[in-house]
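Add 71 to a position in the sequence shown, counting from 1, and you land on the number used in the numbering used here. All residues carry an ideal CB built from backbone N, CA and C; glycine is no exception. Fair warning: this is a prediction, and the values are worked out from it, not measured in the lab. Shown next, in structure tokens, is the structure this report addresses.
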Amino acid sequence: AAGLATALSSAAMAADGMTVGFSQIGSESGWRAAETSVTKSQAESRGINLKFADAQQKQENQIKAIRGFIAQGVDAILVAPVVATGWDDVLNEAKEANIPVVLLDRGIDGPEDLYLTSVASDQVKEGRVAGQWLVDTVKDKDCKVVELQGTVGSTPAINRKKGFEEAIAGSKNITIIRSQTGDFTRSKGKEVMEGFLKAENGGKGICALYAHNDDMAVGAIQAIKDAGLKPGTDILVVSIDAVPDIFTAIAAGEANATVELTPNMAGPAFDALAAFKKDGTVPPKFIITESKLYTAADDPKGEYERRKGLGY
Ligand code: GZL
């Protein structure tokens with residue numbers, strides 16, 4: 072019996088006794104906080120020793136953390152790249168050290184051989200789903216849209232803008248009149264929305280807000296209310312992430328639609344790493360997670376409950 076127990080535990084060690092370094096962007100949004108807590112619980116349940124580094128949204132801190140992981144000789148590195156460029160040198164150092172890298176929730180420009188796989192949503196599709204919801208909702212009514220973009224130079228900001236514009240391209244009645252980054256945060260989203268409202272006659276001419284994440288939308292909703300307007304009716308609100316607080320807003324009629332982004336990117340990442348370590352199985356270069364539209368018709372109170380406790 073003792074022999075079997077040892078054999079089992081060593082097998083577990085081999086597959087999942089890995090030490091993995093995780094260079095996380097920061098905690099700029101509720102979704103980011105959930106991704107961190109899900110990653111930590113996924114590692115724990117798999118017997119993976121996770122070394123966590125929070126970069127406070129600065130690329131130089133991520134690069135420093137990755138260099139630290141290489142020096143420690145970790146078995147693998149996870150990185151959520153804050154922006155798409157500037158990774159070639161440090162990821163080449165990981166490659167030289169024979170340490171597989173997995174990208175989480177954002178992509179990078181540059182050679183695909185710098186990473187084993189990328190686990191992320193189809194962010195162009197997320198933008199397209201958000202845009203299509205607006206097209207279906209306003210039909211042929213004139214609609215001036217303001218847009219809160221994500222972090223400048225990040226793949227979600229670039230892709231979600233692209234997808235939304237594709238979806239509304241055929242609707243001449245829908246136009247984006249102002250577009251600015253809110254850096255994926257509530258405070259910046261509120262501040263930039265205040266600017267939009269001031270610049271647009273107190274918001275009277277604005278028909279809809281498209282925010283690249285729910286946190287900026289939640290900040291903007293406060294600004295819309297402070298301006299004496301009704302978010303969700305005077306100004307439609309559509310965003311992305313499906314965090315609990317957007318379901319609270321949808322249930323209250325203060326937001327209209329969100330596109331879900333799963334916080335569990337680590338599950339597929341750890342599966343791919345375990346298989347690669349065990350017998351060299353090479354995963355697909357891109358592992359794409361599902362995106363789903365939620366509106367007031369989709370039990371927002373129940374969706375809120377289902378997500379509470381996931382670390383948002
Ligand atoms: C998208 C992810 C984004 C979330 C934001 O994959 O990188 O970053 O939509 C987070 O909430 O800041």
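Residue 231 and residue 194 closer than 9 Å at C-beta: Locating residue 231 in the sequence shown gives position 160, where the first residue counts as 1. Locating residue 194 in the sequence shown gives position 123, where the first residue counts as 1. Contact flag set, yes.
Start-end ranges of the beta strand (DSSP E) lying completely within the region 137-193, minimum 3 residues: Here the runs fully enclosed are 147-150, 172-175, 188-192.
Residue 100 beta carbon near ligand 1 (any heavy atom closer than 8 Å): Start at 1 with the first residue of the sequence shown, and residue 100 comes out as number 29. For residue 100, the shortest separation between its Cβ and any heavy atom of ligand 1 lies below 8 Å.
Where residue 94 sits in the DSSP three-state scheme: Here residue 94 refers to the residue found at position 23 of the sequence shown. DSSP places residue 94 in strand when its eight states are reduced to three.
Status (buried if at least 16 other CB within 10 Å, exposed otherwise) for residue 284: As a working mapping, residue 284 is identified with position 213 in the sequence shown. By the neighbour-count rule (16 or more Cβ atoms within 10 Å), residue 284 is buried.
Paired residues, beta bridge with residue 251 - DSSP: Taking the sequence shown and counting its residues from 1, one reaches residue 251 at position 180. Looking at the DSSP assignment, residue 251 forms a beta bridge with 219.
Distance cut-off 8 Å: residue 286 Cβ against heavy atoms of ligand 1: Translated into positions along the sequence shown, residue 286 becomes position 215. Answer for residue 286: yes, Cβ within range of ligand 1.
Among 177, 306, 319, nearest to residue 264 - alpha-carbon criterion: Position 193 of the sequence shown holds residue 264. Checked all of 177, 306, 319; the closest Cα to residue 264 is 306.
Distance CB(residue 382)-CB(residue 334) smaller than 9 Å: Numbered from its first residue, the sequence shown carries residue 382 at position 311. Numbered from its first residue, the sequence shown carries residue 334 at position 263. Going by C-beta atoms, residue 382 is nearer than 9 Å to residue 334.
C-beta atoms of residue 332 and residue 176 nearer than 9 Å: As a working mapping, residue 332 is identified with position 261 in the sequence shown. As a working mapping, residue 176 is identified with position 105 in the sequence shown. Yes, they are a contact pair.
Residue 177 Cβ short of 8 Å to ligand 1 heavy atom set: Numbered from 1 along the sequence shown, position 106 holds the residue referred to as residue 177. For ligand 1, at least one heavy atom lies less than 8 Å from the Cβ of residue 177.
Proximity to residue 168 [Cα-Cα], best of 149, 178, 158, 142: Taking the sequence shown and counting its residues from 1, one reaches residue 168 at position 97. Among 149, 178, 158, 142, the Cα nearest to that of residue 168 is on 142.
The region 181-189 in contact with the region 205-221 per 3-pair CB rule at 8 Å: Too few Cβ pairs lie closer than 8 Å, so no.
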